[in-house]
Amino acid sequence: MRLIQLKREDFLDYGAVAQHGKYSRIPYTRVKSLLYEQAEPKVLKFKTAFSAEWLAETVLERKSTRAGHGGLHFEVPNPVTAKSGVGLSQAKKNDIRAMLKFMPHVDKVFMSNVAQ
Numbered sequence: 793m794r795l796i797q798l799k800r801e802d803f804l805d806y807g808a809v810a811q812h813g814k815y816s817r818i819p820y821t822r823v824k825s826l827l828y829e830q831a832e833p834k835v836l837k838f839k840t841a842f843s844a845e846w847l848a849e850t851v852l853e854r855k856s857t858r859a860g861h862g863g864l865h866f867e868v869p870n871p872v873t874a875k876s877g878v879g880l881s882q883a884k885k886n887d888i889r890a891m892l893k894f895m896p897h898v899d900k901v902f903m904s905n906v907a908q
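Residue numbering for the sequence shown is 793 to 908, as defined by the numbering used here.
In structure tokens, the structure reads:
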């Protein structure tokens, strides 16, 4: 068994990156599987049936900049470390507390701590 301890800097906020995407190109109502690969941050792959081949769609487009080679290149802003303290809303905490009686013991212990 290998235990990995997550640190605060491991939690990133991809909101700024996601705002540049053209996600209307993905037919989310028909998607069965969605694949994001870190090596290809501008492409989302999806399947509309579990037995189907992966379809790729470019959701982040090239932008022209004057930096670097002077031509078009793909630039994704680096995600920033997520802000702490956002937490769950009171309504969500109430929902979790209401569902505790239906949860297995191991989940109940964890979720009761989350809903505090």
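Backbone N, C-alpha and C define an ideal beta-carbon position, used for all residues, glycine too.
Beta carbon of residue i, beta carbon of residue j: below 8 Å?
i      : j      : result
Pro819 : Thr840 : yes
Leu892 : Ser904 : yes
Lys814 : Glu853 : yes
Val835 : Ala844 : no
Ser825 : Phe842 : yes
Should residue i go down as buried or exposed, given a rule of 16 or more other Cβ atoms within 10 Å for buried?
i      : result
Phe838 : buried
Leu798 : exposed
For my contact list, residue i and residue j are in at a C-beta cut-off of 8 Å; report their separation, rounded to the angstrom.
i      : j      : result
Ala874 : Arg889 : Contact doesn't hold; Cβ gap of about 25 Å is too wide.
Ala831 : Pro871 : The pair is not a contact, with the Cβ atoms about 16 Å apart (cut-off 8 Å).
Using a Cβ-based criterion (distance less than 7 Å to any ligand heavy atom), does residue i qualify as near the ligand NAP?
i      : result
Lys799 : By its list of ligands, the structure shown contains no ligand whatsoever, and the ligand NAP lies outside what it can speak to.
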